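I have placed the structure first, in the form of structure tokens, so that the comments after it can refer back to it.
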């Protein structure tokens, strides 16, 4: 149960609903106990009437009708109170489910890029859906039935003891056996439930990857192979599920058998006690049988509740693995930070934790507010890492990054990111309308602003070519658009944000030279008062920048303006001449 202690804060948060539910449960159980008492009273009255040899049955009929009406009334009241109990405790569990899902999602948002490199999307989705649902069953039905069972046991056994201590002792004899069976079965359920949840995550992760890469699978005609793989995974998951179901199915028959034994005990020992005069009336035996049957569902539910608790603990353990992770990137300054756009790298180095690749080594440069810096280099040279460090997706291993002469970790993280417009190399678009994808950068943007941003990114004509124009809903990850169109919509999304810093990570690689030239001309006009960093493989994207740096193996090997670099031997001049000749050939 130690994993489930994490949920205590939610019980405290909803303590009034919790306490109200307990009070209603106590009152409901008290009313439910009127039925055995009234039936016992009816039996005793019938027995007394039969012994009196009376001829007039009017009085006994009136007494029985009165008892029946009281039974109906108390049963209705008990039923209504039970309804209120469910409304109180089950609704509380839905609130806790809502809060827990939001907490898990917020934690997912706060965790670093390294976390997502080490965990699969399907597993993360399974935890926020399946695992949280399992936990809700604990804070709702499991808690409700546990409270109901405890209160009913306390009240019913108290009443039984008051009527006949000896017969009560005989009645509860099977309970220690029940407790031992529950303990053994619960341990096994916990083990099998954990294994089943792990396999469920494997199936979710695998299918999510297949759906994301379905075009590649079809292109390589690998449907049969992946069908076989998912069948094997599904069979393993089914095997674990059946194994769990088999052990869970033992609870019901076992509980009912023990309750049946208790009934036989009441009839046998109660009969003997009636014969020897210890029990004065048959009504007492009838009352005890009703008490035992009142305990049937609570006792039978112990197995179900125990199963839910064990499954919830296994699920909460999986959630706690993530919830207890302290995010690597922390907002160390809660105060507002004004971002002007000055950027300085001082001997910055970075090594990726998962691969131990040294992406940057002692990189130093300065970009003043309103300047444009272009970064060129081969694939894997460390260009994108510079942009990731500027967005604080990672923190530098060594050295200093300054924003407006202030150490980047001391700048309010949310102000930094809201003042930065990023166009990633792999353009990601949501399955929403094109308009909303552009407005993602500025939710309150008007239609005119959306169109202006699209025109600057030279994608407006493409958009209005669709039958629904800007209201065209894109497929998953923007699959409706071509690679170049996705890049340009991403550029429009960054432009409309109007940030102090713009970061373009090789975002024109999928567009033709003519379109690139048009976009660059628009960007240089838009970026006049903004600090801009352009990562590219093409000299054409870099030549108009105020500063250019060339990176190789994480180190700066050249830096200067376009005119300076083409007049000195080195990588930039070689690349310039090569791309110039290729352009002439085209």
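Residue numbers (the working numbering): 487 to 1072. Even for Gly, the Cβ is constructed at its ideal location relative to N, Cα and C. From a predicted model like this one, the values you see are computed outputs, not experimental measurements.
#1: With residue 621 and residue 801 assumed to form a contact (beta carbons below 8 Å), what rounded beta-carbon distance in angstroms separates them?
#2: Ignore the nearest five residues each way along the sequence and tell me which others in residue 574's own chain have a CB closer than 8 Å to its CB.
#3: Contact between the region 1010-1023 and the region 948-957 is defined here as three or more beta-carbon pairs at a separation below 8 Å; is this criterion met?
#4: Checking 8 Å against the spacing of the C-beta atoms, do residue 630 and residue 580 come in under that value?
#5: Decide yes or no for the touch test of the region 969-988 against the region 901-916: beta carbon pairs closer than 8 Å, at least 3 of them.
#6: Taking the C-alpha atoms as reference points, what is the distance between residue 675 and residue 609?
#7: For the beta strand (DSSP E) that contains residue 1009, what are its first and last residues?
#8: Take the Cβ of residue 769 as the centre, count every other Cβ of all protein chains shown within 10 Å, and call the residue buried at 16 or more, exposed below.
#9: Just checking my contact of residue 888 with residue 830 at CB under 8 Å: how many whole Å lie between their CB atoms?
#10: Check the DSSP bridge columns for residue 866 and list the partner residues they point to.
#11: If you follow the beta strand (DSSP E) that residue 550 is in, where does it begin and where does it stop?
#12: Short of 8 Å in beta carbon distance, which residues of its chain neighbour residue 878, apart from the five on each side in sequence? Order them along the chain.
#13: Decide if the region 998-1007 is in contact with the region 1021-1037; the criterion is three or more beta carbon pairs, one per stretch, under 8 Å apart.
#14: Within the region 865-905, note down every full beta strand (DSSP E) run reaching 3 residues or more, in order along the chain.
#15: Would you call the region 642-660 and the region 612-619 in contact, with 3 or more CB pairs under 8 Å?
#16: Give a yes or no on whether the C-beta atoms belonging to residue 846 and residue 1040 are separated by under 8 Å.
#17: Can you pull the DSSP bridge partners for residue 846?
#18: Whose CA, out of 873, 956, 897 and 696, lies closest to the CA of residue 925?
#19: Tell me whether the beta-carbon of residue 944 lies closer than 8 Å to the beta-carbon of residue 921.
#20: Take the Cβ of residue 537 as the centre, count every other Cβ of all protein chains shown within 10 Å, and call the residue buried at 16 or more, exposed below.
#21: Taking only three categories from DSSP, how would you classify residue 772?
#22: Quick test of the definition: if touching needs 3 or more C-beta pairs under 8 Å, does the region 594-609 touch the region 802-813?
#23: My output table needs one value for residue 851: the three-state DSSP class, helix, strand or coil.
#24: For residue 918, count the other beta carbons within 10 Å of its own beta carbon; 16 or more makes it buried, fewer makes it exposed. Which is it?
#25: By Cβ distance below 7 Å, which residues in the same chain neighbour residue 524 in space, the five residues on each side in sequence not counted?
#26: Do you know how far the Cα of residue 839 is from the Cα of residue 667?
#27: In chain order, which alpha helix (DSSP H) runs of at least 4 residues are fully inside the region 601-626?
#28: To the nearest angstrom, how far is the alpha carbon of residue 791 from that of residue 696?
#29: Is residue 1020 closer than 8 Å to residue 990 when the C-beta atoms are compared?
#30: May I have the straight-line CA-CA distance separating residue 726 from residue 798, to the nearest angstrom?
#31: Flag this pair as yes or no: are the beta carbons of residue 639 and residue 567 separated by less than 8 Å?
#32: Residue 731 by DSSP, collapsed to three states: which one?
#33: Beta-carbon within less than 7 Å of residue 1070's beta-carbon, same chain only, minus the 5 sequence neighbours each way: which residues are those?
#34: Quick one: what's residue 907 bridged to in DSSP?
#35: Unbroken alpha helix (DSSP H) runs of length 4 or more, entirely within the region 690-764: which are they?
#36: Near residue 992, which residues of its chain fall below 6 Å by C-beta distance, leaving aside the five closest residues on each side in sequence?
In this structure, then:
#1: The C-beta distance from residue 621 to residue 801 rounds to 5 Å, short enough to meet the 8 Å contact threshold.
#2: Excluding residues within five positions, the ones whose Cβ falls inside 8 Å are 503, 506, 507 and 510.
#3: No: the two stretches stay apart, fewer than three of their Cβ pairs being nearer than 8 Å.
#4: Cβ distance not < 8 Å, so residue 630 and residue 580 don't count as in contact.
#5: Flag = yes, the region 969-988 and the region 901-916 touch.
#6: Residue 675 and residue 609: Cα-Cα distance of roughly 21 Å.
#7: Premise fails: residue 1009 lies in the alpha helix (DSSP H), 999-1012, not in any beta strand (DSSP E).
#8: Looking at its Cβ environment, which holds 16 or more other Cβ atoms inside 10 Å, residue 769 is buried.
#9: Contact flag correct, Cβ pair sits at about 4 Å.
#10: Answer is none; residue 866 lacks a bridge partner.
#11: Residue range 544-596 is occupied by the alpha helix (DSSP H) that includes residue 550, with no beta strand (DSSP E) assigned at that position.
#12: Within the same chain, and ignoring the five residues on either side of residue 878 in sequence, the residues whose Cβ sits closer than 8 Å to its Cβ are 815, 894, 895, 899, 902 and 903.
#13: Touching, yes.
#14: Scanning the region 865-905 for uninterrupted beta strand (DSSP E) segments of 3 residues or longer gives 884-889, listed from N- to C-terminal end.
#15: Judged by Cβ distances under 8 Å, the region 642-660 makes no contact with the region 612-619, as fewer than three pairs qualify.
#16: Contact flag set, yes.
#17: In the DSSP output, where bridge partners are listed per residue, residue 846 has 836.
#18: Of the residues 873, 956, 897 and 696, the one whose Cα lies closest to the Cα of residue 925 is 956.
#19: Contact: no.
#20: Result: exposed.
#21: Here residue 772 sits in helix by DSSP.
#22: Enough Cβ pairs lie closer than 8 Å, so yes.
#23: Three-state DSSP puts residue 851 in a strand.
#24: Residue environment analysis places residue 918 among the exposed positions, since fewer than 16 neighbouring C-beta atoms fall within 10 angstroms of its C-beta.
#25: Residues of the same chain with a CB within less than 7 Å of the CB of residue 524, apart from the 5 flanking positions on each side, are 553, 556 and 557 in chain order.
#26: Their backbone Cα atoms lie some 48 Å apart in a straight line.
#27: Listed in chain order, the alpha helix (DSSP H) elements of length 4 or more contained wholly in the region 601-626 are 607-612 and 618-623.
#28: Their Cα atoms are separated by approximately 37 Å.
#29: Their beta carbons are under 8 Å apart, which means residue 990 touches residue 1020 by this criterion.
#30: Distance between residue 726 and residue 798, taken at the CA atoms: about 17 Å.
#31: Cβ distance not < 8 Å, so residue 639 and residue 567 don't count as in contact.
#32: The DSSP-derived three-state label of residue 731 is helix.
#33: Its pLDDT being 48, under 50, residue 1070 is placed unreliably by the model, and the measurement read from it follows with that caveat. Correct list: empty, nothing qualifies.
#34: Looking at the DSSP output, residue 907 sits in a beta bridge with 988.
#35: Scanning the region 690-764 for uninterrupted alpha helix (DSSP H) segments of 4 residues or longer gives 700-705, 709-734 and 737-761, listed from N- to C-terminal end.
#36: Cβ within range, chain order: 911, 1021 and 1022.
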